[in-house]
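Sequential numbering from 310 applies to the sequence shown in this note's numbering. Cβ coordinates follow ideal geometry from the N, Cα and C atoms, glycine included. Report on the following structure.
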Amino acid sequence: MDIVVATNNHHKLREFNRLLELDDINLLSLKDENYNDYIDESGITFKENSKIKVKQVYLKLKKPTIADDSGLEIDFLNSEPGVYSARYGGEDLTDKERCFIILDRMKGVVKKDRSARFRCCISYIDEKGVIYQVEETCEGYISENYIGENGFGYDPIFLVDDVCFGLIRGSQKDIISHRGKAIRKIKKYILEKVVEKNE
Ligand code: ITT
């Protein structure tokens, strides 16, 4: 069985490959499928956007598809950048530049007010077009400095129990991260469906 991973973010793709390894399942990237269409993430929630991604890709490729929409919510910034995490501060900025915008906006804010979470909604659309969704979070807080070069996005400014995501290995991040938790949940669902189909 083939499942298309509907993401253009190669870091996410690597996390999916690491976590969604299943004997009967072959993960395909959008590149493998020569899929280059623009996906308009016009939703205002992670749930809406991850559904938009799987539906659009499924309608064209007619294959089971999985996608994630995720982002960082900072309490002090009224949950910003939220669903705009990938575009925060402007489309052309680098991940590092986006991190520094946040560090600047959080300058002088005391630790107890630096709480934040990564949120991730994963949608899976099966061969019949039935959609299943899971949402998970990873609670933490925003560091005062840019720390480490591991991971991607806001990892170098996100701390869990004093450990920065910018310093840990991918396999360690998977254990506690929003995406790690969500992929494990959806993997269970997909496995159950595969068993049902083979019965
Ligand atoms: P696709 O839509 O193609 O999957 P994207 O990067 O545009 O790729 P999103 O719209 O879901 O994906 O935006 C997610 C952004 O949230 C991402 O670009 C990062 O800036 C941030 N983000 C999400 N998960 C993260 C993680 O595990 N570590 C660091 N930053 C993360």
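Less than 8 Å between C-beta atoms, sequence neighbours within five positions excluded: which residues of the same chain meet that for residue i?
{"i": "Y455", "result": "K405, C408, F409, L412, P465, I466, G475"}
{"i": "V443", "result": "C430, I431, A491, K494, I495, Y498"}
{"i": "L322", "result": "V314, T316, S338"}
Closer than 6 Å: is that where the CB of residue i sits relative to any heavy atom of the ligand ITT?
{"i": "G398", "result": "no"}
{"i": "T316", "result": "yes"}
{"i": "S379", "result": "yes"}
{"i": "G462", "result": "yes"}
{"i": "A425", "result": "no"}
{"i": "A395", "result": "yes"}
Report buried or exposed for residue i, applying the criterion of at least 16 other Cβ atoms within 10 angstroms of its Cβ.
{"i": "V504", "result": "exposed"}
{"i": "V419", "result": "exposed"}
{"i": "K360", "result": "buried"}
{"i": "D435", "result": "buried"}
{"i": "G417", "result": "exposed"}
{"i": "L331", "result": "exposed"}
{"i": "E445", "result": "buried"}
{"i": "Y393", "result": "exposed"}
{"i": "K482", "result": "buried"}
Taking only the alpha-carbon atoms, compute the straight-line gap between residue i and residue j and give it to the nearest angstrom.
{"i": "N358", "j": "S432", "result": "9 Å"}
{"i": "S486", "j": "D378", "result": "14 Å"}
{"i": "V439", "j": "G352", "result": "19 Å"}
{"i": "N345", "j": "K369", "result": "11 Å"}
{"i": "E453", "j": "L329", "result": "34 Å"}
{"i": "K437", "j": "I451", "result": "42 Å"}
{"i": "I477", "j": "Y367", "result": "34 Å"}
{"i": "G380", "j": "E508", "result": "38 Å"}
{"i": "H319", "j": "F461", "result": "10 Å"}
{"i": "I414", "j": "K506", "result": "Correcting the residue type first, residue 414 is Arg in the shown sequence and not Ile. Their backbone Cα atoms lie some 51 Å apart in a straight line."}
Once you ignore the five residues that flank residue i on each side, which residues in its own chain have a CB closer than 6 Å to its CB?
{"i": "I348", "result": "K362, Q365"}
{"i": "I375", "result": "I312, V314, Y433"}
{"i": "E324", "result": "R488"}
Leaving out the 5 sequence neighbours to the left and right, which residues in its chain are closer than 7 Å to residue i when beta-carbon positions are compared?
{"i": "E382", "result": "S388, G391, A425, R426, R428"}
{"i": "D279", "result": "With the chain covering 310 to 508 only, the question about residue 279 has no answer from this structure."}
{"i": "E342", "result": "V313, L370"}
Using a Cβ-Cβ distance under 7 Å, would residue i count as near chain B?
{"i": "V313", "result": "In the displayed structure, chain B is absent; only one protein chain is listed."}
Inter-stretch contact (C-beta, 8 Å, three-pair minimum) for the region 327 to 346 and the region 390 to 406: no
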